[in-house]
Each structure stands twice: as C-alpha cells, then as structure tokens.
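Participant:
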Amino acid sequence: MAGVGAPEGSHSASWGGAGLVDGHVHVFPPEMIRDRTAYLDRDTRFAALYRSPEAAMATADEVVAQMDEVGVDISVMVGFPFADQGLCRMTNDYLIEAVAEYPERLVGLACVAPGAPGARAELERCLDTGLIGCGELAPDGDRLDDGTPGRSRGLVEIGGCLRERGRPLLVHASEPIGHRYPGKGRFTPEACFDLAAACPGTTIVFAHMGGGLFLYETMPEVRRALADVYYDTAAVPYLYGPGIYQAAASTAGPHKVIFGSDYPLLSPARYAEGLREFDPAAWQAVRADNARRVFGL
C-alpha cells in the first residue's frame, strides 16, 4: 500500500522502547526515485501508486535516519512487486547493498514476479546473497486453471521454495469492502486462505492485517490451516480504527501480529494509538519477538 501519499512525521521519539522491530518498510534504489517517470510505463501497479510526485519513496539511508529519529532498532526492507523481473533484480541488488552497509540495522526481502521466467532462480540468488525471505508480493487474485483464488502456480512455486529454505513470504492483502484507494487489490481473505492452504508449512505474513483474515481464526478448521500465518500492521491507521489490534489478539492471538509501519507511507510513531493498549507481554511479542522469530533475526 506504500505510495498513497507523503510520509507523516513522527509524533514522539522512541515511543516503542528499545528493541523495536519494524517488519515492513519500503525501499527503492536512488536512481528509481530520482527519475520515477521513467518507470511509470513499465509497470501499471507502480504507476498507480507512484505517478504522483507526492507519493513518498525512500532510500535505505532515509530509512535508517527515521529509525534513529523514532527509535527503531531493526527494519525489514521490501522492494516493489514489479511484473518485470529485471526491475525486481535491480531493486533486489540495491537491498543487498543496503544490508551490507547497515548489517546491524537492516534486513531485506527479495521481490520476484511469480510465474515469470527465472523467478525462482532470482529468489534463490537473493537468499544465497543474504536476503531473508520474499516480499512484499502483490498477486492481486492470481488463480489456478480451476479458478481457485490465491493458488497461481508461480506463487505456489515461490512458497514451496521458501518452505524448503525455511524462509518467510510477505504478501499484500486487501480488505474486501470499504473505501477504494490506489493499490487496493483483489487478494482478499479468501485468496489469502487459499494460498496458505496450498503452501502448508510455508511461513506467510499477510500485510495489512490480512484484509481481516484473522477474524476467521475463530473457526477451528481455519485456525489449523493458518497455523503458519501471521499478520502485519502496515497501513492500519489508514484502514482501521485502533481497536483492530485487540480484535486480532483475541482471535488469532498476539503471537501472530507483527508490527510493520509501511514507511515511508507512515512513520512508525503513527501507530502508538491502540498498540499501547496491549499488556506488556503482548506488546513485547508484537513490537519485536514475533518479527524476530518469523524473520530469523
């Protein structure tokens, strides 16, 4: 969902306390930021999100600067789910360089175009080079030949590769109702569930609270199928009221919620309302422990 508008400033320094992990920040190569117009015609989703010069984009240096300002220890960087595998590789190379420059502060997820020639090879290259998983992919309702949402062969292949390597997958998810906005897709809870069912044993983080998928974990059979699924908080202040955090904790459990800001869309400090309502043990899980476990930090 990154790219909706300009970044918001921090509301209070170090609101999260020592050890805060931001599990979802967007990073672009500097040359892509300097001349974004050169890439608008190469990817329709990128154009929808970043055509406006007001849509915020950030380099790794800028991410680290805001981490110091707000009080984040480690950030999990993601690129952009380009359909062009060459653009994915360009962004992946930049993330690899950023991790090498800030090894104590930044980790990265590789982006690939599922189903495109060389997607798995690119993912394996990135994992071998030190990136820790894959995402944020935006399948937008990809289907198998039988019409089942969330089970495109390319996406399932990526999930299988990550399962073999013991690495997580981060997937963009959208709520099926509510207001429209650039980047809102069709990968809603049904598609998310089908992907998880098609990739048993693969650790999957559904961004943006899984579009509300966590609510269905009150159904025992769904809860079993989603045993390896987690939900990040990216863009929650744009989408929901602060009560969503407690709703997720009471249905899926606080051990399945990962703090993620979607920076530069929002500053991590923008999330203080609602998250502060967690008891100390639950807040420790959400702010750091879950991300450390899922991303192997």
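Mind the numbering: the sequence shown is residues -17 to 279 in this note's numbering, read in order.
By construction, the Cβ of each residue, glycine as well, lies at the ideal position given by its N, Cα and C atoms.
#1: For alanine 179, which residues from the same chain have a beta carbon less than 6 Å from its beta carbon, with the 5 sequence-adjacent residues on both sides left out?
#2: Using the Cα positions of proline 224 and methionine 201, report the straight-line distance between them to the nearest angstrom.
#3: Looking only at DSSP bridge pairs, what is isoleucine 240 linked to?
#4: By how many angstroms is the C-alpha of glycine 148 removed from the C-alpha of glycine 97?
#5: Can you tell me the Cα-Cα spacing of tyrosine 227 and tyrosine 220, whole angstroms?
#6: Determine which residues share a DSSP beta bridge with methionine 191 and list them.
#7: By alpha-carbon positions, which one of Pro12, Cys70, Val60 ends up nearest to leucine 189?
#8: Since histidine 8 sits in a beta bridge, which residues does DSSP pair it with?
#9: Here's a check: name, in chain order, each residue in its chain whose Cβ is nearer than 8 Å to the Cβ of glutamate 44, leaving out the five neighbours to either side.
#10: Tell me the rounded alpha-carbon separation between leucine 119 and alanine 38.
#11: Consult DSSP for isoleucine 186 and reduce its assignment to one of helix, strand or coil.
#12: Do valine 3 and aspartate 50 have their CB atoms nearer than 8 Å?
#13: Could you please give the first and the last residue of the uninterrupted alpha helix (DSSP H) stretch that includes glycine 256?
#14: Between Arg16, Ala40, Leu22, which lies nearest to aspartate 244 when the distance is taken from Cα to Cα?
#15: Look at the Cβ atom of valine 9, then the Cβ atom of alanine 42, and state whether they are nearer than 8 Å.
#16: Alpha carbons only, please: which of Glu139, Thr111, Val89, Leu77 is nearest the one belonging to alanine 101?
#17: Using only CA atoms, which one of Ile78, Tyr222, Glu104, Ser57 lies nearest to glutamine 67?
#18: Hey, could you find the ends of the alpha helix (DSSP H) glutamate 118 is sitting in?
#19: Exposed or buried, which one is leucine 281 when buried takes at least 16 other CB atoms within 10 Å?
#20: Alpha carbon to alpha carbon, how far is leucine 137 from isoleucine 186?
#21: Can you tell me which of Pro164, Asp75, Asp214 puts its alpha carbon nearest to the alpha carbon of glycine 5?
#22: Is the beta carbon of valine 239 less than 8 Å from the beta carbon of valine 268?
#23: Between the Cα of alanine 30 and those of Gln48, Arg16, Pro63, spot the shortest distance and give me the residue it belongs to.
#24: Let me know the secondary structure DSSP gives valine 54 once reduced to three states.
#25: Using only alpha-carbon positions, find the residue among Pro158, Arg24, Thr19, Tyr32 that is nearest to proline 164.
#26: Can you tell which of Ala230, Pro11, Asp17 has the C-alpha that lies nearest to the C-alpha of isoleucine 78?
#27: Could you tell me the distance, in whole angstroms, from the CA atom of phenylalanine 277 to the CA atom of arginine 18?
Facilitator: In short:
#1: Numbered from its first residue, the sequence shown carries residue 179 at position 197. Residues Ala207 of the same chain have their beta carbon placed closer than 6 Å to that of alanine 179, with the five preceding and five following residues left out of the count.
#2: Within the sequence shown, the letter at position 242 stands for residue 224. Within the sequence shown, the letter at position 219 stands for residue 201. If I take the Cα positions, the gap works out to 24 Å.
#3: Indexing the sequence shown from 1 puts residue 240 at position 258. Looking at the DSSP assignment, isoleucine 240 forms a beta bridge with Asp214.
#4: The residue labelled residue 97 in the question sits at position 115 within the sequence shown. The residue labelled residue 148 in the question sits at position 166 within the sequence shown. Roughly 21 Å between the two C-alpha positions.
#5: As a position in the sequence shown, residue 227 is number 245, starting the count at 1. As a position in the sequence shown, residue 220 is number 238, starting the count at 1. Spanning the two alpha carbons is a distance of roughly 14 Å.
#6: Translated into positions along the sequence shown, residue 191 becomes position 209. Methionine 191 pairs with nothing; no bridge assigned.
#7: What you label residue 189 is simply residue 207 of the sequence shown in a count that begins at 1. Reading the sequence as shown, one finds alanine at residue 189 and not leucine. Among Pro12, Cys70, Val60, the Cα nearest to that of alanine 189 is on Val60.
#8: Residue mapping note: residue 8 aligns to position 26 of the sequence shown, counting from 1. Partner(s): Val60.
#9: Here residue 44 corresponds to residue number 62 of the sequence shown, with the count starting at 1. Contacts found: Pro246.
#10: Taking the first residue of the sequence shown as position 1, residue 119 is located at position 137. Taking the first residue of the sequence shown as position 1, residue 38 is located at position 56. Distance between the alpha carbons of leucine 119 and alanine 38 is about 19 Å.
#11: Here residue 186 corresponds to residue number 204 of the sequence shown, with the count starting at 1. Correct three-state label for isoleucine 186: strand.
#12: Taking the sequence shown and counting its residues from 1, the one referred to as residue 3 is at position 21. Taking the sequence shown and counting its residues from 1, the one referred to as residue 50 is at position 68. The answer is no: Cβ separation not under 8 Å.
#13: Position 274 of the sequence shown, counted from the start, is the residue given in the question as residue 256. Glycine 256 -> alpha helix (DSSP H) spans 254 to 257.
#14: Locating residue 244 in the sequence shown gives position 262, counting from the first residue. For the residues Arg16, Ala40, Leu22, the minimum Cα distance to aspartate 244 belongs to Ala40.
#15: Counting from 1 along the sequence shown, the entry for residue 9 is found at position 27. Counting from 1 along the sequence shown, the entry for residue 42 is found at position 60. Yes, Cβ-Cβ distance for valine 9 and alanine 42 is below 8 Å.
#16: In the sequence shown, counting from the first residue as 1, residue 101 sits at position 119. When each option's Cα is compared against that of alanine 101, the closest is Glu139.
#17: On the sequence shown, position 85 is the one that residue 67 refers to. Answer by Cα proximity: Glu104.
#18: Within the sequence shown, numbered from 1, the residue matching residue 118 stands at position 136. Segment 116 to 119 is the beta strand (DSSP E) holding glutamate 118; no alpha helix (DSSP H) there.
#19: For the chain, the structure presents residues -17 to 279; residue 281 sits outside this window and is missing.
#20: Reading the sequence shown from its first residue, position 155 is the one you call residue 137. Reading the sequence shown from its first residue, position 204 is the one you call residue 186. Each residue's alpha carbon lies about 12 Å from the other.
#21: In the sequence shown, residue 5 corresponds to position 23, counting from 1. Checked all of Pro164, Asp75, Asp214; the closest Cα to glycine 5 is Asp214.
#22: Here the question's residue 239 lines up with position 257 in the sequence shown. Here the question's residue 268 lines up with position 286 in the sequence shown. Closer than 8 Å, so yes.
#23: To locate residue 30, count along the sequence shown from 1; it is residue 48. Of the candidates Gln48, Arg16, Pro63, the one whose C-alpha sits nearest the C-alpha of alanine 30 is Pro63.
#24: Counting from one through the sequence shown, the residue named residue 54 turns up at place 72. Reduced to three states, the DSSP call for valine 54 is coil.
#25: One-based indexing of the sequence shown puts residue 164 at position 182. Checked all of Pro158, Arg24, Thr19, Tyr32; the closest Cα to proline 164 is Tyr32.
#26: Taking the first residue of the sequence shown as position 1, residue 78 is located at position 96. It is Pro11 whose Cα lies nearest to the Cα of isoleucine 78.
#27: For this step, residue 277 is matched to residue 295 along the sequence shown. For this step, residue 18 is matched to residue 36 along the sequence shown. So the alpha carbons of these two residues sit roughly 30 Å apart.
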